[in-house]
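This report refers to the structure that appears directly beneath it.
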């Protein structure tokens, strides 16, 4: 489970209870490489494994408390984010510049899905949307642009190679 490995690449963010991880890169890739159904299923399986206590979330944590805490909204949005990314991505085999642009937009919009989930839960926990936005969205924007570009480059390279496998 690459998403679980991505959780171990966690870097604390000063002023935020939410770390920077590589999980979101793998959520995007799950969507574009596995498709909506399998991508969402993979992310749901990841959440269930973590919910049962396996140390697959950031910093090696697991259990239901993680899903109820500051990072829970992001995590719970992973299946929907993978599905949205897949549904908006161009068909496999499309290699034009327009298809690449569409793939990048699909990955970016999938990113907004889990940002929305994280922001919503942080707003509930903090009781202040502005504080939730400044602690749970702003510090991650630049890194997520980089991860979006990385996901796009990886997906372009691997997507058509997996054409006959799924």
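Numbering (the numbering used here), first residue to last: 165 to 330.
All C-beta atoms in this analysis are idealised placements derived from N, C-alpha and C, irrespective of residue type, glycine included.
Buried or exposed for residue i, please, with buried defined as at least 16 other CB atoms from any protein chain shown within 10 angstroms of its CB.
i           : result
residue 302 : exposed
residue 216 : exposed
residue 123 : Given a span of 165 to 330 for the chain in the structure shown, any question on residue 123 remains unanswerable.
residue 310 : exposed
residue 182 : buried
residue 243 : buried
residue 294 : exposed
Shortest alpha-carbon distance to residue i belongs to which of the options?
i           : options               : result
residue 335 : 233, 201, 297 and 246 : As shown, the chain starts at 165 and ends at 330. That puts residue 335 outside it, with no answer to give.
residue 184 : 209, 193 and 223      : 223
residue 235 : 285, 265, 191 and 274 : 285
residue 265 : 317, 206 and 197      : 317
residue 178 : 298, 323 and 322      : 298
residue 240 : 214, 225, 262 and 249 : 214
residue 171 : 202, 197, 198 and 210 : 210
Starting from residue i and walking both ways along the alpha helix (DSSP H), at which residues does that stretch end?
i           : result
residue 192 : 187 to 215
residue 309 : 305 to 322
residue 275 : 261 to 290
residue 218 : Premise fails: residue 218 is in no alpha helix (DSSP H) and is neither H nor E.
residue 293 : 293 to 300
residue 258 : Per DSSP, residue 258 belongs to no alpha helix (DSSP H) and is neither H nor E.
Going by DSSP, what residues sit across from residue i in a beta bridge?
i           : result
residue 184 : 175
Would you kindly work out how many angstroms separate the C-alpha atoms of residue i and residue j, rounded to a whole number?
i           : j           : result
residue 231 : residue 282 : 11 Å
residue 175 : residue 255 : 35 Å
residue 315 : residue 196 : 9 Å
residue 253 : residue 206 : 18 Å
residue 203 : residue 250 : 8 Å
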